[in-house]
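Chains as they are written, first to last, in numbering that gives the first Met the number 0: chain A, 0 to 456; chain B, 0 to 203; chain C, 0 to 590. A virtual CB, placed ideally from N, CA and C, is assigned to each residue, including glycine. Just so it is clear, the structure is predicted and the values come from calculations on it, not from any experiment.
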Amino acid sequence: MILAVVIFALVIGSVIFHFASPWWFTDIVSQWDSVDGVINITFWVTGAVFILTNLFLAYCVYRFRHKPGQKAVYEPENHKLESWLSAITTVGVIAMLAPGLFVWADFVTPPEEAAEYEVMGQQWQWNFRYPGADGKLGTADTKFITEANPFGINPEDPNGQDDVVVNEPEMHLPVGKPVKALLRSNDVLHNYTVPQFRVKMDMVPGLVSYLWFQPEVTGRYDILCEEHCGIGHFIMRGAVVIDTADDFDAWLAAKPTFAETQAMAEPNIAMGQAQYAVCASCHGAQGEGNQALNAPKLAGLQDWYVERQLNHFKSGVRGQTEGDAYGASMVGMANMLVDDAAVRNMAAYIATLPDVPAAVTIQGDIANGADIYDRNCAACHLDNGNGTWYTDAPKISGMNDWYFVTQIKNFRNGYRGLHAADPYGEQMVSMATAMAAKDIDDTKEMEDVAAYLNTLR
Amino acid sequence: MSLFKQITEKPWERKGIIGGLKAEGTFDVPSERVALTFFLIAASIVFSLFGVSYYIRMELPDWLPIAEPTALWFNTGLLIASSVLFQVSRNIVGNGKSKNVLLAFFGGGVFAALFVFAQLQTWDELQAAGVYLSSNPAADFYFLLTGLHALHVAGGLYVWLKCVFRMVTGAEPQAQRLSIELCTVYWHFLLIVWLVMFAVLANT
Amino acid sequence: MAYVPLADQDHEQEMHHPHSWVTKYVWSQDHKVIAIQYGGTAVLVGLVALVLSLLMRMQLGFPGTFDLIDPSAYYQSVTMHGMIMVVYMLTALLLGGFGNYMVPLMIGARDMVFPFLNMLSFWFYLLSVVILMASFFVGGGPTGAGWTLYPPQATLAGTPGSDMGIVLMLLSLFVFIVAFTMGGLNYVTTILQYRTRGMTLMRLPLTIWGIFVATVLGLFAFPALLVSAIMMLFDTLLGTSFFMPAIIESGTPMDYDGGSPILFQHLFWFFGHPEVYIVALPAFGLVSDVISTHARKNIFGYRMMVWAIIAIGGLSFIVWAHHMYVSGMNPYFGFFFATTTLIIAVPTALKVYNWVLTLWEGDIRLNAPMYFAIGFIFTFIHGGLTGLFLGNVVIDLPLSDTYFVVAHFHMVMGVSPVLVIFASIYHWFPKVSGRMYHEGMAKAHFWITFLGTYAIYLPMHYLGFLGVPRRYYAIGETDFIPASAQTLNESITIAALIVGAAQLIFLFNMLWSLRNGAKADPNPWNSASLEWQTPDTPPVHGNWGDKLPTVYRWAYDYSVPGAKHDFIPQDMAEEDVEMEDGSTGSTATGA
């Protein structure tokens with residue numbers, strides 16, 4: 000009895016929940032309304048079956064529950080009824096399947112005029128490539144991948160020279176034109192998903208997959224990786240900006256071509272050295288750091304990392320938040336480097352400084368630190384703490400342990416890494432939050448990791 | 000009654016004993032034979048899936064065919080001889096006789112053991128020629144497939160050994176009839192698998 | 000006529016009777032003891048997996064609150080929870096547990112065909128569990144690759160447990176497959192060859208049909224998992240490139256070239272999809288028998304139910320790539336697999352109709368097993384219908400890899416089979432233990448489990464519609480997920496914790512009832528099928544005493560017109576049936 004009532008209530012409740020739910024598909028911004036159309040058909044068909052079957056179930060439980068003297072009816076089968084039910088079910092299935100297959104046919108055949116662009120996934124970054132003036136993407140292969148050629152573009156392929164490379168997790172597309180995304184991965188499976196576009200596809204190392212759509216509404220939308228790709232899966236984020244055609248062209252024109260990235264002038268180390276004199280007063284003549292002045296060791300840091308951080312200080316991405324007092328003092332210093340060339344020169348010079356491991360100032364539970372490090376940090380910063388350009392992770396072993404703790408605290412407190420232009424910092428915020436207890440003031444786990452890092456020198 | 004007819008009858012219509020006074024067996028053969036058949040189907044699926052994987056993998060650009068050792072023809076002969084001897088031993092017990100059963104049955108196993116040994120020799124031969132596991136996908140499959148097949152032969156030899164032991168220690172060959180039959184079926188299966196596998200390996 | 004082995008004949012010449020405690024309860028060859036060993040082990044690992052799921056839910060509901068759940072631990076929990084539940088819990092419990100217990104009793108045999116192999120099957124299963132559990136204690140911990148173990152990710156440094164954990168997982172699966180094959184050959188052969196006299200195929204209870212077809216599926220599908228596990232082990236340990244293309248690991252090119260990750264997915268799902276039915280079909284069978292018994296009515300459309308089980312089993316081998324619509328495989332496959340997938344909905348829907356129609360004009364006894372069975376019908380309808388979304392290839396584009404998928408498969412192959420398992424445990428507990436369970440506790444257990452799981456999974460579908468991706472340790476900031484989604488996540492977690500805790504009621508009920516339950520009648524539900532007609536309760540070794548039963552009718556002679564009682568046992572001859580008018584004799588029903 001009560002079971003019948005509960006099933007009845009669950010049916011009604013589910014319907015109410017469905018219509019009252021604020022959690023529903025995001026507003027669509029591509030031309031794939033047809034996908035939503037198939038979903039609606041399916042909802043009506045399955046919804047009707049759900050309601051009718053369960054109400055009938057509830058009725059049976061109510062009507063035929065045991066009462067004294069009741070006897071069930073003996074009815075082995077009813078061929079006619081079963082045939083009817085099969086037929087109706089088949090019709091319902093066809094009603095859902097047929098439109099679905101038509102839309103799928105649309106999906107697997109991108110229009111001829113669709114402009115191509117490439118999405119390249121790697122642990123745990125997004126990179127993008129657009130064909131240059133020739134409209135063709137150059138061939139690429141993992142065997143060509145180096146720090147200077149992260150896309151692995153074939154240097155011999157003339158089609159690749161004018162390809163525009165976007166080595167950051169934000170891409171743009173023009174509104175109102177069909178586009179075909181060519182999807183590629185350097186390491187594991189990833190999946191290129193923008194929920195508002197309604198389409199997604201895995202990126203598979205060793206082959207190129209595709210999807211197509213036509214952006215219809217300008218705006219900025221999240222790109223998510225939706226195929227499990229390792230420990231950093233949940234922080235593999237990017238963004239796509241749908242622009243007007245003019246804005247898109249302007250954005251694209253500002254990005255370097257592959258040829259330009261390959262032909263970039265060698266940094267002038269001597270000039271970097273000359274400018275380093277200012278830095279030396281705090282960071283030391285050999286970049287060895289000075290704890291009394293809160294200036295960390297620089298020697299040993301990769302040039303791309305130093306370059307990125309200097310640019311962040313210059314552009315207000317880092318050092319501007321309340322709480323990052325020491326970072327703030329770097330802003331003025333970084334601004335003394337007037338242009339990109341000066342920053343590159345400085346980074347190149349620092350990379351030449353002799354890397355002497357910093358003094359140990361922190362003790363902790365090394366075993367616990369090792370455990371935390373292996374579970375959270377090693378995937379990007381590597382087992383030896385040397386970091387790699389591939390995951391945009393700087394060297395952290397042999398560096399100042401006190402600075403390590405300060406920065407982890409900064410990430411956890413949101414003093415660093417939350418700026419929209421610092422996607423890699425945002426990844427560190429997530430990991431720094433995950434690696435230790437929720438209590439911000441509890442630095443024990445960070446100290447344990449620092450103590451472990453001290454053993455890796 | 001055919002299987003199809005059996006599963007279309009209306010069971011509520013007929014009461015009483017159906018099928019005489021004995022237990023119901025779907026197939027008129029020993030249960031061991033039924034179990035072995037299912038096992039062989041499962042094993043065929045294993046080999047077929049490897050075969051499908053082989054063809055899919057072959058389509059990929061880094062495929063480098065390897066030259067299969069000519070010794071494989073000789074090894075095939077060994078396995079055929081083994082199968083034939085098993086069949087002979089089965090025919091003898093099948094006719095209710097016992098003479099030379101042990102000899103044929105034992106000989107079948109010896110040839111099979113020689114086959115395994117000879118297969119391992121081809122591995123050495125290939126490695127001497129610079130073809131190693133992981134040197135290219137065709138080699139990977141060669142080692143994997145021949146190894147897997149050899150393991151199946153070795154597994155069969157374990158059962159064979161037990162049966163030989165029973166006969167040597169005085170068991171009547173007629174009492175071993177089922178074991179001999181099952182071994183024979185299994186060896187024919189291994190021979191067929193090998194012939195298909197050899198054809199696939201040699202033609203690609 | 001059929002070949003009749005000695006052990007199947009009335010006298011017990013060949014029975015291997017145990018003499019010591021060890022041979023009776025440890026190295027036992029009695030199918031009933033093995034069933035309990037299998038079932039107990041499965042329940043224990045299931046509890047481990049349940050705890051892992053609660054850890055995940057705690058992280059998702061209250062991110063960052065629980066120190067011990069870091070991203071590695073989260074992904075390891077996801078992986079181990081999934082693999083344990085699907086393979087080591089559900090498959091082992093339904094086939095190793097129920098399959099072992101029910102098959103000989105329901106077909107009227109003394110034991111399995113190969114009792115020794117049956118015993119070996121359990122010990123190999125236990126070994127596979129031990130290997131799996133060992134991965135919690137090795138360096139790097141268990142694998143965190145997700146239960147699908149997709150390469151290259153499963154063996155790369157960016158995944159937890161990528162060195163020892165994944166190897167132990169693959170080894171454990173290998174051993175499990177060996178165990179399953181030994182058990183499976185037994186169930187199939189026993190059902191085919193050891194039925195007692197009069198037990199034709201169409202007189203078998205649906206439980207046996209479900210177990211039979213599921214076992215055949217297992218025997219034919221597990222080879223695909225075996226093949227992929229072997230090739231993956233070769234790739235990991237010996238440096239071959241079956242599945243591994245040229246890739247970069249942490250900035251360094253690896254020594255692989257040319258392999259195909261998609262090939263692994265095809266092999267995995269060629270196993271993985273039938274696996275769904277390996278779990279579902281025995282559950283379909285068990286629940287049919289529970290419903291029929293407690294509705295005091297024959298199962299409606301028995302023949303259609305049998306054919307549907309066979310059809311679903313057959314179709315399950317040609318739908319696997321619906322798990323791969325967005326995997327980057329040739330997208331034209333989508334047409335074929337969407338069609339086959341939606342076709343499978345027809346026989347499945349017919350089964351649902353027939354369960355409900357069995358209740359129609361029945362005399363429904365609302366005992367605890369029936370509560371669970373009816374709860375199953377509700378959750379299975381829900382889970383089956385959401386499958387029509389995901390199977391329709393184009394709807395899979397927005398919904399795959401979101402919480403909709405998680406909600407769907409937990410509804411259809413988590414909650415639904417588990418409700419059947421509880422229904423079956425309560426239903427057969429009196430026969431297995433000789434005592435009754437506590438009805439009040441069982442019903443409390445039902446209400447919390449049924450309502451709680453619905454509170455977990457109904458809203459979860461809506462997170463999926465929204466586009467919340469699955470396998471995220473933390474959602475973090477996005478432009479499309481409102482803050483209210485986190486509130487929803489919190490409520491789901493609270494419901495999950497309550498449901499998790501409610502399983503203690505079940506465990507307590509079982510343990511308490513074993514000692515203190517009322518003594519059970521041999522046939523407390525007045526069930527017609529053969530397993531209730533054993534001379535002893537619980538049945539002793541050999542099951543049938545001196546004489547094997549003879550079967551005169553199908554397993555569903557409930558409420559036969561004219562008969563005095565509302566059930567006629569399968570082994571009751573026509574002339575022994577008591578009629579309403581006091582006579583005995585024929586109950587010719589005809590069509």
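(message) Buried or exposed for C/W20, going by 16 or more other Cβ atoms inside 10 Å?
(response) exposed
(request) If I'm right that C/I290 touches C/W354 with Cβ under 8 Å, what's the distance once you round it to whole angstroms? (result) 6 Å
(request) Consider the Cβ of C/T549: report whether some Cβ of chain A lies at a distance smaller than 8 Å. (result) no
(request) Using 10 angstroms around the beta-carbon of B/I40, count the other beta-carbons present and answer buried if the total reaches 16, otherwise exposed. (result) exposed
(message) Just verifying my parser: in three-state terms, what is the DSSP assignment at C/R302?
(response) helix
(request) With a 10 Å radius around its C-beta and 16 neighbouring C-beta atoms as the bar for buried, classify C/N366 as buried or exposed. (result) buried
(request) Please name the residue, chosen from B/L77, B/K96, B/S81, that lies closest to B/G107 on a Cα-to-Cα basis. (result) B/S81
(request) Assign C/Y461 to one of two classes, buried (16 or more other C-beta atoms within 10 Å of its C-beta) or exposed (fewer than that). (result) buried
(request) Compare the C-beta of A/P194 against all C-beta atoms of chain B and say whether one is closer than 8 Å. (result) no
(message) Looking at A/M434: is its Cβ nearer than 8 Å to the Cβ of A/N375?
(response) yes
(message) Quick check on C/M410 - is its C-beta less than 8 Å from some C-beta in chain B?
(response) no
(message) Closer than 8 Å is the cut-off here; do at least three beta carbon pairs connect the stretch 230-238 of chain A with the stretch 58-76 of chain C?
(response) yes
(request) Report the rounded CA-to-CA distance for C/G238 versus B/P136, giving the unit in angstroms. (result) 11 Å
(request) Go through the stretch 169-256 of chain A residue by residue and report every complete run of the beta strand (DSSP E) that reaches 3 residues or more, in order. (result) 169-173, 178-184, 189-192, 199-202, 208-212, 218-224, 236-242
(request) Compare the C-beta of C/A223 with all C-beta atoms of chain B and state if any pair is closer than 8 Å. (result) yes
(request) Reducing DSSP to helix, strand and coil, say where C/A590 ends up. (result) Its pLDDT being 37, under 50, C/A590 is placed unreliably by the model, and the measurement read from it follows with that caveat. Three-state result, C/A590: coil.
(message) Using CA atoms only, rank isn't needed, just tell me which of C/N185, C/F242, C/M369, C/V177 is closest to C/L125.
(response) C/V177
(message) Would you say B/F38 lies against chain C (beta-carbon separation less than 8 Å)?
(response) yes
(request) Compare the C-beta of C/F241 against all C-beta atoms of chain B and say whether one is closer than 8 Å. (result) yes
(message) Please tell me whether C/T588 has its Cβ less than 8 Å away from any Cβ of chain A.
(response) Bear in mind that a pLDDT of 48 at C/T588, under 50, signals an unreliable position, so the model cannot answer this.
(request) With a floor of 4 residues, list each alpha helix (DSSP H) that falls wholly inside the stretch 310-362 of chain A, ordered by position along the chain. (result) 324-333, 339-351
(request) With 7 Å as the limit, tell me which residues of the stretch 53-82 of chain A have their beta carbon closer than that to any beta carbon of chain B; keep them in chain order. (result) P75
(request) Look up C/F263 in the DSSP assignment and say whether it is helix, strand or coil. (result) helix
(message) In the DSSP assignment, the beta strand (DSSP E) including B/G15 goes from what residue to what residue?
(response) Here B/G15 belongs to no beta strand (DSSP E), and DSSP marks it neither H nor E.
(request) Have a look at C/M571, C/E579, C/E577 and flag the residue whose alpha-carbon is nearest the alpha-carbon of B/K14. (result) C/M571
(request) Reducing DSSP to helix, strand and coil, say where A/F63 ends up. (result) coil
(request) Run through the stretch 8-84 of chain C for me and flag every whole alpha helix (DSSP H) of 4 or more residues, listed as ranges in chain order. (result) 30-60, 70-82
(request) Count the other C-beta atoms from every protein chain shown that fall within 10 angstroms of the C-beta of A/G229, then say buried if there are 16 or more, exposed otherwise. (result) buried
(message) Does chain A have any CB closer than 8 Å to the CB of C/W122?
(response) no
(request) Please name the residue or residues paired with C/F566 in a DSSP beta bridge. (result) C/Y557
(request) May I ask you to report which of helix, strand or coil DSSP gives C/S287? (result) helix
(message) With three or more beta-carbon pairs closer than 8 Å as the criterion, would you say the stretch 21-40 of chain C touches the stretch 406-413 of chain A?
(response) no
(message) Which residues of the stretch 300-326 of chain C have a Cβ closer than 9 Å to any Cβ of chain B? Give them in chain order.
(response) Y301, R302, V305, W306, I309
(message) Strictly below 8 Å CB to CB, what residues from chain C border A/Q121?
(response) I247
(request) Look at B/N74 and B/A117 and say whether their C-beta atoms are less than 8 Å apart. (result) yes
(message) Taking the alpha helix (DSSP H) that C/R514 belongs to, which residues open and close that run?
(response) 483-515
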